[in-house]
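Q:
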Amino acid sequence: MAAEKHSMSMSKKKTIVNTVSYIVLGLISVIWILPFVFLLLKSFDIGNTGVTKNFIPSAWGFDNYAYLFSSDCNFLQWYFNTFIIALFVCVIQTVMQFMMAYTLSRFRFKLRKPLMNIMLVLGMFPGFLTMIVLYQILKTIGLTGDNAVPGLILVYVASSGMGYYVIKGFLDTLPKSLDEAALVDGANRMQIFIKVIIPLCKPILIYTVLTSFMGPWGDFVFAYTVSLGSQAGMNVAAGLNSWLSPANIGSHFTHFCAGGVIVAIPVMILFLFLQKYYVEGVTGGAVKG
Amino acid sequence: MARVVLKDVKKIYPGNVEVVHKFNLDIKDKEFIVFVGPSGCGKSTTLRMVAGLEEISAGTVEIDGEVVNDLQPKDRHISMVFQNYALYPHLTVYENMAFPLRLDKKVRVVDGKEQKGYTNDQIYERVTSAAKVLGITQYLTRKPKALSGGQRQRVAIGRAMVKDCKVFLMDEPLSNLDAKLRNQMRAEIILLRKRINTTFIYVTHDQTEAMTLGDRIVCLKDGYIMQVGSPSELFDMPANLFVAQFIGAPMMNTAECELLKEGAKYYVNPFGHKLVVDGDKAKALKDRGIESRKIILGVRPEHIQLAKKGSANSIPVEILVNEMMGSEYHLHVQTEDGTKLVVRIPTINLSEEERKEMVMGSKINIVFEGKAMHFFDPENERNLLVDEIYGPEAMQLELEAEAKAKANAEANEVPEEPAKEEVKAEEPIEEPKEDIAEK
Amino acid sequence: MMKKFIRKSMILLPALLLSACNFKFVYNIEGLPAGGLDFDDDIEDSGTYDIKVWVDDKIVDLTKSQIGQFVTASGGKYTINATVEPVDEPGAASKMLLDVQDGADLFVFAQDQLSRLKVAGSLAKLSNTYVDALTEEMGIEAVNAAKVNQDVYAFPITSDNGYFLYYRKDWVSDDAAKNMTTLLAACAAAGGKTLNFEAPSNGFYAASYFMATGCTSEWTLDDASGKFTGYKDTYNSPEGLIAGKALRELNTSTVAKNSQASKLGDTAAAVVSGIWEYEVAQNRAEKNGWELGCAALPSFSVDGKEYHLSSFDGYKLLGVKPQVDAKKASVCRKLARFLTGEDCQTERFGEASWGPTNIASNQSEKVLAHKGLQALHEQHKYAKPQGQCPGAWFTALATTATAIVKAGSDGEVQAALDTYKAGLNDLLDAD
Amino acid sequence: MAQLTDLEYLKLNKAQRFGLKFTAFFKAIPGWFKNLGIKIWTFMKNFFWGVVNFFKNLGLTFWHGDWKTKVSYFVMGFGSVMRGQWLRGILFFLFEVVFILYMVLFGGKFLGQLYILGQNESSMGDDGTIKYGDNSFDILLYGVLSLFFIVALIYTWYLNVKQNKIGEDYVKAKKQLATAKDDVRALVDKDFYKTLLALPTLGILIFTVLPIFFMILVAFTNYDKSHFPPQNLFGWVGFDNFGLLFQWSNSEGASFSMTFGQILLWTLVWAFFATFTNYFLGMLVAMLINKKGIKLKKLWRTVLVFSIAIPQFISILFVSNMFQYPDGIINGILSTLSGGKLLIDFWGNAWIARITVIVINVWIGVPYLMLVVTGILMNIPADLYESANIDGASPWQQYSKITLPYMLFITGPYLLTSFTGNMNNFNVIYLLTGGGPKVQEYYGNAGKTDLLITWLFSLAVNDTNYKLAAVIGIMVFIVVAVLSLVIYNIIPSTRNEEEFQ
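Now the structure itself:
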């Protein structure tokens, strides 16, 4: 009897714990989702274009979206710029990081350790410091202002080898004997890289492509600098950000929200589809340090 | 189809860690040679040096008369099977096996016609026939993930087989398999060897595999060769205590005691008992003119028998543990002076009553014959009855000889002659190896 | 999924690239009617020029057409390939500092950036001929706004960077708007509607009180290095204390709200802000059917004495970059003069409501009808020019004002002002 | 104190163990310094002998070399071409040509002025024209680039000499030299890493190393708004800028050193809270989602991951405006709930702003942490918990004795990187508060939530005070590097990377 009673209270306790858990989870979900709901709601607000207390628009409409695609606004230009940048960056950056990671994972050469240490140390310098120098270098090559798009691609991509950690962590888990077997089978290192290693890296490949595709969408500082006022070279983050300056926020805040939604949607769809790979990459990266 | 010669091969890792010391070995054409030893003995490293997966720090490796030190693995005409199979997970079994063939772009003459690499048909031909031999035809379209361990190992072997190679290297190919499968695969490897008929180098830490597979066994420890010889040589005449204990299971029993020469007869006195040495062993001792001395006595568990109480030379012991292995008992026993021994008794010869006696704490008597005894020098652990010197000691002698030769060369006006002498002095060390190789 | 996505992007790509190329604006129109263009010097400068202009988003198209007018007015003397990019004023200043050489030839910036830009060599000095002409057309105050020490460095393009009072007429009467006490009372009477006045938390507005009681803060700028080397400041004087008291008084009111963002006609009955709010406010008024009122800032009284709230006269200036080529420099100056001339200013007011600096344009009917500008002009009587001061001075003043609002007694107000004064040394540039 | 054996140590209680470790730690310090000293000494010694041998070998090679080698000392690649290695030879030669062209046409003039960073001031005419003089910025940048080039040339030249030596030896030994075909083949096989590394390292060299080198040098100049090229020159000032960091004498208020100290302190406090609030709350959420019996796991996870997918500048800027005073959504909700009485100026008060920033950072960071932690939680062997259950451990004990130590061990390095990452978390602070509330007593218009990195940014961008921005940058580097070094030596899970292979 006593045991039965005990087990009953156990199951009761479990139900309570679970209920509490669900409530907490529900709350968490609301907290995390709500800002995006507000953002979406605000993007349909045509009653007040500035910051408001109420999240329910006083008047509904698509005016803010219409504005984005109207000729008054360079949003489309910014968007396409960013899209092109992201496209190139995700391809080239992935290739660069793989080259670096594969080398450091599979070859043992004299400068390997020094190279890794140097990259570690370089990573400790705050990046913004060098912005003005990068601008001058790009200017020397003629990739600022109207030509900022290729210039930005170049800068995003050039040092991307330094972000090899996650991929190397993954490659380190692939048994070395695969390389050796291929060596014995008559492959040279390049063939091993292309025919054996790369096909095995699908998850981390997707992760790298995904993260490097997402990167350029968020850069509002450097892109703003490099474009030097040229609309032809501006990216979407810098453009949207300029709408929130004290002088503009009153009339452009809802435009910002609508622009934010348009930027977020494709990235988000891509992300939700490839979530599995992202999670794998993040976890792997963190555990490997 | 090639002789493999390792000359003074060394492996030195960064930080001056020498893991393989002056490895000398001449592997004959079509010989099946097994490297065996505990982990960290350098056996895999040596194999990988032959394969070209590790750089050779010093010395040379010759395959078929060609020094291959600077050749890439693919140019060494070798095939290799890895411990963890190393199958390409993204390729099907068929493509895994075809991989080396597809990569081969050498110009060769087939049916009187010159061609580059292999045609698709030829690849199909080779892969399917190899698969047939290994019994994996039905798995050709599968990915390695969908195979069991044994099947994967067959694929790995198949991949090595399809290629024309001079030397077939196997690096602990069976150690990832369970015991039953291992026995089965062992037998298959023997059959495979007959079919391929080429030079094999096989690395294992398992002495059973070494004994069953090898024409010759190279027993290694800490990067030194401890003995080279046929399985029976290693078993019957271990050159040193290490080989004696490594080969054979359970391990050889040892006891420190004295060898006594009394007149023409030899005795040993382990555990306070005086036992006579007779047969070949006594003769050998006599031939070598060995006097009374301290020794380590070695007796293999299977060479110890049960004895009736009070019978000649019998030793009373107490049973500590009895492991029933089915066909035999492994008795862990303790002598009166506390020495622990292992005794292997076939159950088939035991009566019901005797079996009942084999329990913990019961006292029994054991006996072993003189011909089953091995005598080792406590100082250097060498077998008193074997002349060859292996291991660090051999190396030491060699180095000393070299140093002497050098010193002489510097001291003498005519450097050539004394050096030659010294080289001769070295020969007794080297020659026996050659002898064995030629047997 | 991924593959499909990439394939689709590849199809899109050429289209995107095409659209990216088709962007640069090239202007070369002839045949427009001549404007009031007079040329003050006679360098032989006819020719073709690439000129880059940075102006606010709102007037990009207008500026393009005005440059067209300039070309036409020149009678074919100049061909100008103009690139007009939307760059806001703070952006223009920082970009000119980043890269003068690739920066715009003409750019609009806020007055407070003048000294910085001048020191960095982003602005060319105007000759006396220009200064005289500008003084005649715009008055000395406007020209002073473009002055660093003795020299003038830019063309005033609008004077509407100042601020004044907006109110909803059915809640606040014109008379009530004249005095702070009546104003607050009217707000309260309208059902707890607020007066939005960012006085404590923004130095730009907080200064209103201090300047009203006659406090001054003048900063010495070293011409060569562009560093602030000294100051004369009377904010901790008895007059400062009066201003402090009034500021504290204001924030004890329940309807006074420390905010700039406009909710005029909704939760706010009155708002202190600049001309940039005008369009939004006017729209709201029209949409919701109430009448918008604009007036000078109200007066306030402390210890029985009446003071009128002061403000800053803020100008936006059109700067001309120093040119390597003397001919281009000449053309750029002429263009700048044209763009800040009467016709262009009037037009700009019409299109984008930028308050003119030009005296003649200010007399135009439209300007006179603009409530906001009229209020600004009215306030102008009490306003002080926004001289050159360190940017951190506004921060300092805001901190002080915030402390004053929280102060419990007049003594604490005085203490806050003394702290402020003691800290001014730190605003000077090092060495 | 006598050395304890391991067994004796086990007998001690916690306090005693701690005391023992504590004293041992301090006792060990002199040893570290000694080791460091020895290391430096050996390094110096090896370096010295390395240099000596380098020149000795160069001399010997020249002395003993044949005429091809001797010519190669001046015309790079000559010997290689003559010995049939034409590909290498031509590359060597090309590099030399490019170097000479670069120096003559471009780099030389900058390099020549590097010591003074320009002499001719720009002069502005009364007619609106300017005659640009020397540009200190270009001189410094391209001077440094030229230095890089020279180092590269010396190295290549050394390789060239070495090639000649090898070539000579091979010819003497009648061995086959690697042909051009061999070279190409090696580049996809044995030396494939060289091929792979060429592009990434070149990129890092030009776009990371060069700029960083430049900015470090800027810290030793007076590059600020009154020395601003191309209008003005700037020049070397030695350690003057670093001196500002130690000016304690100016006690009246906002000296640079005081501001630096305060902001550094807040940066560390922020990094600490930002890291650990995220860490523990992320762990909590992950454990909640992964709890047995919780359904719809994937949904909960996706909801959180959602917020990673949206670019930060959108989500953070929007959230920042939600907390606007008094017109943000949050204040709207607060005033509705309290009947208009409660309004919070989130960004106006230093402490409220700081706390709000940390709280919002939780919102930003937890989803990411949740993912990381979930991955690791899955890897904790279930039998650990089963055995703990049998031993009678409560859920809290299971957490504190199993989960937490395991997590800390695995994520040690990650915690470190996220700590230093938070120290430099520009996005969150800049987008949320812009560093505000700004205060008078801080130097350079810094605010109460400014991190060193955002302060550095506003100094550089708003005040064009590059010299001090560079100083702060270097200090940030030093802080991060020292922290990393110390912590890396303390945390247990700094494992050998080879263990994974």
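Protein chains in written order, with my numbering: chain A, 5 to 293; chain B, 253 to 691; chain C, 2 to 432; chain D, 2 to 502. Each residue gets a CB set at the ideal place from its N, CA and C atoms; glycine is no exception.
Could you give the first and the last residue of the continuous alpha helix (DSSP H) run that contains phenylalanine 229/D?
A: Element bounds for phenylalanine 229/D: n/a, residue is neither H nor E.
Q: Taking all protein chains shown into account, decide if asparagine 23/C is buried (16 or more other Cβ within 10 angstroms of its Cβ) or exposed.
A: Residue confidence is low: asparagine 23/C scores 33 on pLDDT, short of 50, so the model does not pin down where it sits. No coordinate-derived value is stated.
Q: Count the other CB atoms within 10 Å of the CB of glycine 590/B; is the residue buried (16 or more) or exposed (fewer)?
A: With fewer than 16 Cβ atoms within 10 Å of its Cβ, glycine 590/B is classed as exposed.
Q: Nearest by alpha-carbon distance to glutamate 122/D: which of Trp158/D, Glu169/D, Phe235/D is it?
A: Nearest C-alpha to glutamate 122/D: Phe235/D.
Q: Name the residues in the region 169 to 196 of chain D whose C-beta lies less than 8 Å from a C-beta of chain C; which are they?
A: Listed in sequence order: no entries.
Q: Apart from the five residues just before and just after glutamate 633/B, which ones in its own chain have a Cβ nearer than 6 Å to its Cβ?
A: Only Asn492, Leu493 meet the Cβ criterion.
Q: Whole-angstrom Cβ separation of aspartate 458/B and valine 333/B, contact assumed at under 8 Å?
A: About 15 Å; that fails the 8 Å criterion.
Q: Which same chain residues end up closer than 8 Å to lysine 16/A when comparing Cβ atoms and leaving out the 5 residues on each side of it in sequence?
A: Around lysine 16/A: no qualifying Cβ.
Q: Assuming valine 470/B contacts isoleucine 285/B (C-beta within less than 8 Å), just tell me the rounded distance between them.
A: At roughly 6 Å, the Cβ-Cβ gap stays under 8 Å, so valine 470/B and isoleucine 285/B are in contact.
Q: Which residues mark the beginning and the end of the beta strand (DSSP E) in which aspartate 314/C is found?
A: Run containing aspartate 314/C: 312 to 314, per the beta strand (DSSP E) assignment.
Q: Is there at least one Cβ from chain A nearer than 8 Å to aspartate 356/B's Cβ?
A: Yes, because at least one Cβ of chain A sits closer than 8 Å to the Cβ of aspartate 356/B.
Q: Drop a sphere of 10 angstroms on the beta-carbon of glycine 541/B, count the other beta-carbons inside from all chains shown, and report buried for 16 or more, exposed for fewer.
A: Label assigned to glycine 541/B: exposed.
Q: What three-state label does DSSP hand glycine 32/C in the structure shown?
A: Because glycine 32/C sits at a pLDDT of 32, beneath the cut-off of 50, its placement in the model cannot be relied upon, and the following sentence gives the value as read from the coordinates. In this structure, glycine 32/C counts as coil in the three-state DSSP scheme.
Q: If you measure between the beta carbons of proline 87/C and glutamine 235/A, is that distance less than 8 Å?
A: Cβ atoms of proline 87/C and glutamine 235/A: closer than 8 Å.
Q: Quick check on the burial criterion: 16 or more other C-beta atoms within 10 angstroms. Buried or exposed for leucine 38/A?
A: When all chains shown are included, leucine 38/A counts as exposed.
Q: So valine 406/C and proline 201/C are in contact, right, with Cβ under 8 Å, and what is the actual spacing, rounded?
A: With a Cβ gap of about 5 Å, valine 406/C and proline 201/C count as contacting.
Q: Ends of the alpha helix (DSSP H) at glycine 109/D?
A: Note, glycine 109/D: alpha helix (DSSP H), 109 to 114.
Q: When burial is assigned at 16 or more other CB atoms within 10 Å of the CB, is tryptophan 50/D buried or exposed?
A: Label assigned to tryptophan 50/D: exposed.
Q: Given a limit of 8 Å on CB to CB distance, which residues of the region 405 to 419 of chain D reach chain C?
A: Going along the region 405 to 419 of chain D in chain order, one finds no residue with a Cβ nearer than 8 Å to chain C.
Q: In terms of alpha-carbon separation, which member of Met408/D, Pro201/D, Val358/D, Trp397/D lies closest to leucine 378/D?
A: Nearest option by C-alpha distance: Met408/D.
Q: Going by DSSP, which residues form a beta bridge with phenylalanine 63/D?
A: In the DSSP output, where bridge partners are listed per residue, phenylalanine 63/D has none listed.
Q: At the 8 Å Cβ level, is aspartate 234/C part of the contact set with chain D, yes or no?
A: By this cut-off, aspartate 234/C is not an interface position.
Q: Are any of the Cβ atoms in chain A nearer than 8 Å to that of tyrosine 400/D?
A: Not an interface residue.
Q: So, for methionine 218/A: in the same chain, excluding its five sequence neighbours on each side, which residues have a beta-carbon less than 7 Å away from its beta-carbon?
A: Within the same chain, methionine 218/A has close Cβ partners Val271.
Q: Give a yes or no on whether the minimum CB-CB distance between aspartate 89/C and chain A is below 8 Å.
A: Cβ-Cβ to chain A under 8 Å: yes for aspartate 89/C.
Q: Among the residues of its own chain, which have a CB less than 6 Å from the CB of phenylalanine 19/D, if the five just before and after it don't count?
A: Result list for phenylalanine 19/D: empty, nothing under 6 Å.
Q: Ends of the beta strand (DSSP E) at phenylalanine 79/D?
A: Per DSSP, phenylalanine 79/D belongs to no beta strand (DSSP E); it is in the alpha helix (DSSP H), 79 to 83.
Q: What do you reckon, are the CB atoms on asparagine 617/B and lysine 561/B nearer than 8 Å?
A: The answer is yes: Cβ separation under 8 Å.
Q: Does glycine 364/B pass the burial test, meaning 16 or more other C-beta atoms within 10 Å, or should it be called exposed?
A: Flag for glycine 364/B reads exposed.
Q: So who's on the other strand from aspartate 51/C, going by DSSP bridges?
A: Paired residue(s): Asn82/C.
Q: Taking 8 Å as the threshold (C-beta atoms), are serine 274/C and tyrosine 164/C in contact?
A: Yes.
Q: Would phenylalanine 501/D pass as an interface residue toward chain A - the criterion being a Cβ-Cβ separation below 8 Å?
A: Residue placement at phenylalanine 501/D is poorly supported in this model, since its pLDDT is 37, which falls under 50; the coordinates are not used for a value here.
Q: Taking 7 Å as the limit between beta carbons, can you name the residues of its chain near isoleucine 571/B, skipping five residues before and five after?
A: Closer than 7 Å at the Cβ level, and outside the excluded window around isoleucine 571/B, lie Leu583, Val585, Met610, Val611, Met612, Gly613, Ser614, Ile616.
Q: Below 8 Å CB to CB, which residues in the same chain sit around glutamine 86/D once its five sequence neighbours on both sides are set aside?
A: Result list for glutamine 86/D: Gln164, Gly168, Leu178, Ala179, Thr180, Ala181, Asp184, in chain order.
Q: Can you tell me whether proline 438/D is helix, strand or coil according to DSSP?
A: Proline 438/D: coil per DSSP, three-state reduction.
Q: Flag this pair as yes or no: are the beta carbons of asparagine 336/B and proline 179/A separated by less than 8 Å?
A: Yes, Cβ-Cβ distance for asparagine 336/B and proline 179/A is below 8 Å.
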